[in-house]
Every structure is written in structure tokens, then in C-alpha cells.
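S.K.: Numbering of the sequence shown is given in full-length UniProt numbering, commencing with residue 1 and proceeding in unit increments. Note that the Cβ used here is the ideal one computed from N, Cα and C, for glycine as well. Bear in mind the structure is a predicted one, so any value in this text is a computation, not a measurement.
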Amino acid sequence: MEEEVQCCKNCKRDISAKNYVIHSVHCERKIQLCDRCLEPVPRSELEKHEEEFHSKDTCSECGISVEKWQVEKHKETCAKKLVSCEYCELEVPLDNLSEHSAVCGSRTKQCRKCNKHVMIKDLEIHHTNCSRRDICARVLVPCEYCELEIPLGILLEHSAACGSRTEQCSRCNKYVVIKDLENHHTNCLRRELEAVPCEYCDLQIDWNEMMEHTAMCGTRTERCFLCNGRVMVKDRDTHFITCGKTLNFNESITCDCCGGSFNNRSIQRHIEFCRSRSEKCNECNHYIQRQDMGLHLTMCEQKKQLRLEIPCQYCGELFPSDFVEDHADICGTRLQKCEKCDKYISLKNIETHSNVCKENISKTHGNCPVCHQSVPWVEMNVHSAYCAQIYYETSEYEHQNKFNELALKKEAEEFAVKNTEEKRPQRHLEEDVEICPSCKYGIPEQKYHEHLLLCFNGKTQCHFCGIEVPRNYEHVHFRDCHKI
């Protein structure tokens with residue numbers, strides 16, 4: 001059970017109830033509350049208490065007058081108190097700390113992991129995120145377009161280039177950007193569902209174009225199998241009725257499609273069936289009704305002439321001549337890893353990069369800008385001029401080729417004079433046989449040019465996919481095929 005207490009009216013303390021009377025008498029005579037701090041103080045020490053605690057003292061930092069008993073508390077919050085900056089560890093007055101920290105924290109420092117310049121106030125957070133990104137950037141993620149596994153750090157750049165490539169639609173045979181291919185398939189299918197067969201040629205025509213198509217299609221003429229006269233398609237049925245009444249039904253008529261003989265009573269029914277049979281077009285491999293084969297072959301031939309296919313210089317795929325430049329601009333932005341420095345370079349810059357790559361610089365050999373073979377620098381002018389002449393099938397390098405051959409012969413003669421007798425036989429053997437840059441075989445010098453013409457114009461089989469490709473496109477095809 002807790003003891004009962006009472007609060008003293010003089011000193012404001014809790015006193016035991018049984019001692020309260022004695023304490024009250026003693027407290028009123030000996031103790032007095034300080035008027036300033038309301039603390040109980042002996043009456044005999046009241047002046048001493050006033051001097052020790054309530055006399056004024058000046059702060060050594062800011063010069064403000066403060067009572068002695070509040071000096072320590074004031075120093076903790078003094079505006080002129082020196083505080084260390086969290087960024088540079090310099091001691092700065094407390095009232096200037098926020099301004100100093102804003103300026104000091106805005107300074108930049110280079111991150112050792114990613115080499116980016118980051119503000120000092122964000123450096124700690126950046127280190128945490130940078131370590132996490134460094135781990136995540138190496139994670140392999142499949143590309144949504146080509147399904148190749150690409151490091152996450154370059155996935156966005158790869159996807160932008162990969163999605164800009166083109167692919168042929170299996171429904172309409174148009175070339176569409178890969179990232180839009182899914183929407184194109186949906187629209188293409190919708191157009192097929194909305195298409196209606198023409199009453200004259202049975203081709204699937206969109207509703208919006210049906211009136212214009214039937215107006216032109218109906219005016220075409222066909223030969224009447226009964227009277228051999230030319231009749232417009234839209235008047236064909238009426239003509240058959242009137243023409244059949246004037247004919248002898250026992251007379252035999254030859255079918256134009258199959259060559260069979262039929263009488264006038266059955267020829268009409270037979271020809272309708274015979275013309276509706278489908279045959280395979282030799283140009284596009286599609287099955288077309290016999291009655292529409294002539295028109296289809298004309299349209300197919302026109303499309304073939306308009307769509308001359310040329311290989312892309314980067315991927316080697318065939319594209320229509322009016323589309324290959326646009327494709328090459330997009331295809332050239334795809335990235336390829338340099339085998340020398342492990343950097344990802346766009347295809348259109350890979351040739352220039354290989355010439356300046358710090359790991360690919362050689363004092364004795366270089367890469368031919370046409371066939372990309374490693375050739376000694378002494379032979380580079382002659383090789384590249386002749387290689388370009390074969391590659392582009394032009395003779396614009398003939399004068400330069402002869403000039404370079406004379407220069408090299410003169411240089412070779414001067415080198416032979418300076419060389420020792422022991423090395424002359426070996427050099428003589430090297431001049432008699434030359435290495436073909438295409439097939440890598442040693443060819444006698446007198447048959448070297450004849451061999452090059454045959455070798456570059458021939459075909460070789462890719463040992464990755466088994467497709468035969470021209471030798472002058474061999475290096476492009478092998479590179480892309482091996483990459484895939």
C-alpha cells in the first residue's frame with residue numbers, strides 16, 4: 001500500500017503525510033522560493049544563489065548577455081557555434097551552415113565505377129544505385145524482336161535499332177518495320193475479312209474500292225467460246241443466252257482451256273467449270289483461276305519489273321531497289337561487338353572503327369576497305385584498287401593500278417639491292433606465287449589475274465546455313481550468318 005503524501009505550499013515538494021506538519025513549520029522558517037527560477041533556496045544563501053545563477057554573463061561566441069545558469073544551454077544553440085560541414089569537414093558558424101552546405105554539396109566528383117560526375121550531396125545514394133546498375137547491366141535479357149540475349153545495359157539501344165529493321169508481311173508481301181509488324185498483321189487481317197470477291201474476276205477487293213474496280217473490270221473483253229466474238233465481261237451472260245439460240249447444238253466446239261471437244265449443249269457448263277479451276281503461277285507460286293491467269297501474269301510481271309531486288313550491304317538480304325536505301329539506313333544502325341576492343345559499334349561505322357581501333361593498328365598489315373582482308377601496307381594500294389575494280393565491275397582504277405604497280409616494282413628493286421644474298425632466293429619464290437584474297441589458295445603469278453576473275457564471279461556455300469552466295473558478298477553474308 002502506497003504511503004500518503006501532501007504537497008508543501010512553500011517548496012512545492014511532496015512530503016509524507018505524517019511528517020507534513022513538522023516539515024511545514026521548518027520549511028516556512030528556513031526555505032524560500034527564488035522569484036526567478038522558482039527553485040527552493042535556504043534563506044541564508046539567497047544572495048549567494050542570486051549571484052551564482054542569476055547574474056548576467058556574456059557569451060564568448062556571439063556576445064549576447066545570458067544568465068549564468070543558462071550559459072551551457074545557450075552554447076548548444078548559439079548561432080556562432082562552430083559546426084563541421086558534412087561534405088568538406090570544415091568548421092563553419094551554425095548560422096552559415098545551411099548556405100555553405102548548399103554550395104559545398106553542389107560540387108561534383110567523378111564516380112570510380114561509371115566515370116560520371118555526380119554532386120557530392122548525392123554521391124552516397126549514387127554509389128548504392130551505381131553498384132546495383134553495374135550488376136543489372138550485365139544481366140542478359142532476350143530482345144523482344146530478335147530474341148537474342150543482350151546485356152541489360154545496352155538493351156534499349158539494341159531494341160531501338162533492332163525494331164527499326166524491316167520484314168516482309170506474309171499476307172500482303174509488303175515490307176514493314178518490325179516494331180509495327182504486329183499491328184500491321186492485325187490491320188492486314190481486318191482488310192482481308194472486309195474484302196469482297198469481284199463478280200467478274202473473283203479477286204478479293206476492299207469495299208471502298210469495289211465500285212471503281214468493277215467499273216474497270218467489267219469493261220474487259222473475252223472471246224465467246226460459241227461464236228469466237230469479243231464480248232465485254234459484264235455482258236457475257238446475256239451474250240451466251242442470245243448466242244446459244246442461234247447455234248446448232250449438235251456441232252462440236254473445242255474448249256480453249258483444256259482442248260477438249262464438246263457439243264453446244266454442254267460446252268457452256270464445261271467452260272464455266274474449266275475456267276474456275278486453279279493453276280499455279282510460275283512467277284509467284286500462288287494458285288489462280290484459269291480465267292484470271294492472263295490478267296494475273298500481266299500484273300505479276302509488272303510487279304517483278306518494279307521490284308528489282310538488291311542485296312543490303314550490311315545484312316545481305318534482298319530488297320526491292322526502291323526500298324533498299326531506306327532499309328540500309330535503318331540496318332546500318334544495328335550494333336555489332338568489335339572483336340578487338342569489345343565495344344558495340346553500329347554496322348555503318350564498323351569499317352571506319354576497325355581502321356582506328358587501338359587494338360587493330362599494325363605497322364605491317366591493314367584491312368582492305370573493299371574485301372576487308374588483311375593485306376601488307378606495301379601492297380595495299382594495288383590490292384584495294386584491283387579489288388574495287390572486281391567488286392564494283394568498273395575500270396576506273398586502271399590508271400591508278402598501273403601507277404601503283406610501277407611504284408611498287410621500283411621500291412622492290414631498291415629493296416633487293418639492299419637485301420642480303422641469303423634472302424634473295426626466298427623473296428624470288430614469294431613473287432612467283434600470290435595468295436588469292438577470296439579462296440586463300442596460292443596462285444602462280446602469270447595466272448593470278450585470270451583466277452581472280454573466275455573466283456570473284458563464282459559462288460561459294462556458307463558452312464553455317466548452306467546457302468550459296470556470290471563470292472563478292474561472301475564476307476558480308478558470313479559475318480551476319482555467324483552473328484545470328
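#1: Can you give me the start and stop residues for the alpha helix (DSSP H) that ASP329 sits inside?
#2: Classify SER354 as helix, strand or coil using the three-state DSSP reduction.
#3: With distance defined between alpha-carbon atoms, name the residue in MET119, GLY366, GLU28 and TYR200 nearest to THR219.
#4: Going by beta-carbon coordinates alone, are TYR314 and LEU347 separated by less than 7 Å?
#5: Below 8 Å on the Cβ atoms is my guess for HIS26 versus ILE15; work out the distance and round it to an integer in Å.
#6: The beta strand (DSSP E) spanning LEU335 covers which residue range?
#7: What's the call for VAL196, buried or exposed, on a 16-neighbour Cβ count within 10 Å?
#8: Using CA atoms only, rank isn't needed, just tell me which of ILE120, ILE288 and LYS174 is closest to VAL103.
#9: Could you give the distance in angstroms between the alpha-carbon of residue 529 and the alpha-carbon of CYS130?
#10: Report the rounded CA-to-CA distance for LEU452 versus CYS258, giving the unit in angstroms.
#11: For the beta strand (DSSP E) that VAL375 lies in, which residues bound it at each end?
#12: Kindly indicate which residue of ASP206, GLU76 and GLU91 has the alpha-carbon position closest to the one of VAL83.
#13: GLY442: buried (16+ other C-beta within 10 angstroms of its C-beta) or exposed?
#14: Identify every residue that forms a DSSP beta bridge with ASN367.
#15: Looking at the unbroken beta strand (DSSP E) that takes in LYS9, where does it start and where does it end?
#16: Using three-state DSSP, classify HIS100 as helix, strand or coil.
#17: Identify whether residue 485 lies in helix, strand or coil by the three-state DSSP scheme.
#18: Taking the C-alpha atoms as reference points, what is the distance between THR58 and ASN96?
#19: Label CYS371 either buried or exposed according to how many other C-beta atoms from any shown protein chain fall within 10 Å of its C-beta, with 16 as the threshold for buried.
#20: Excluding sequence positions up to five away, which residues of its chain have a Cβ less than 7 Å from the Cβ of HIS126?
#21: Which residues bound the beta strand (DSSP E) around TYR287?
#22: Smallest Cα separation from ARG334: which of VAL176, CYS162, GLN291 and GLU445?
#23: To which residues of the same chain is SER384 closer than 7 Å at the C-beta, ignoring the five residues directly before and after it?
M.R.: Walking through what the data contain:
#1: For the purposes of this step, residue 329 is taken as residue 329 along the sequence shown, with counting starting at 1. Taken as a continuous stretch (DSSP letters only), the alpha helix (DSSP H) holding ASP329 covers 324-331.
#2: Within the sequence shown, residue 354 is the residue found at index 354, counting from 1. SER354: helix per DSSP, three-state reduction.
#3: As a first step, residue 219 must be located in the sequence shown, where it is residue number 219. Comparing Cα-Cα distances from THR219 to each of MET119, GLY366, GLU28 and TYR200, the minimum goes to TYR200.
#4: As a first step, residue 314 is located in the sequence shown; it is residue number 314 there, counting from the start. As a first step, residue 347 is located in the sequence shown; it is residue number 347 there, counting from the start. A contact, by the Cβ cut-off of 7 Å.
#5: As a first step, residue 26 is located in the sequence shown; it is residue number 26 there, counting from the start. As a first step, residue 15 is located in the sequence shown; it is residue number 15 there, counting from the start. Their Cβ separation, rounded to whole angstroms, is 11 Å, which puts HIS26 and ILE15 out of contact at 8 Å.
#6: Start at 1 with the first residue of the sequence shown, and residue 335 comes out as number 335. Taken as a continuous stretch (DSSP letters only), the beta strand (DSSP E) holding LEU335 covers 335-337.
#7: For the purposes of this step, residue 196 is identified with residue 196 of the sequence shown, where counting begins at 1. Answer is exposed; the Cβ neighbour count stays below 16.
#8: Along the sequence shown, read from residue 1 onward, the residue named residue 103 stands at position 103. Nearest C-alpha to VAL103: ILE120.
#9: Absent from the structure is residue 529, since the part of the chain shown begins at 1 and ends at 484.
#10: For the purposes of this step, residue 452 is identified with residue 452 of the sequence shown, where counting begins at 1. For the purposes of this step, residue 258 is identified with residue 258 of the sequence shown, where counting begins at 1. If I take the Cα positions, the gap works out to 52 Å.
#11: The residue given as residue 375 occupies position 375 in the sequence shown. Here the beta strand (DSSP E) through VAL375 covers 374-376.
#12: Within the sequence shown, the letter at position 83 stands for residue 83. It is GLU91 whose Cα lies nearest to the Cα of VAL83.
#13: Position 442 of the sequence shown, counted from the first residue, corresponds to residue 442. Burial call: exposed.
#14: Within the sequence shown, the letter at position 367 stands for residue 367. ASN367 is bridged to SER374.
#15: Within the sequence shown, the letter at position 9 stands for residue 9. Segment: none, LYS9 is in no beta strand (DSSP E) and carries neither H nor E.
#16: If you number the sequence shown from 1, residue 100 lands on position 100. If DSSP states are grouped into helix, strand and coil, HIS100 belongs with the helices.
#17: Here the chain covers residues 1 to 484 and nothing more, so residue 485 does not appear.
#18: Taking the first residue of the sequence shown as 1, we reach residue 58 at position 58. Taking the first residue of the sequence shown as 1, we reach residue 96 at position 96. Spanning the two alpha carbons is a distance of roughly 22 Å.
#19: What you label residue 371 is simply residue 371 of the sequence shown in a count that begins at 1. With 16 or more Cβ atoms within 10 Å of its Cβ, CYS371 is classed as buried.
#20: Position 126 of the sequence shown, counted from the first residue, corresponds to residue 126. CYS111 and VAL118, listed in sequence order.
#21: The residue you call residue 287 lines up with position 287 of the sequence shown. Its beta strand (DSSP E) spans residues 287-289.
#22: Residue mapping note: residue 334 aligns to position 334 of the sequence shown, counting from 1. Selected option, being the one with the closest Cα: CYS162.
#23: Against the sequence shown, residue 384 aligns to sequence position 384. So the list reads CYS368, PRO369 and VAL370, once near-sequence residues are dropped.
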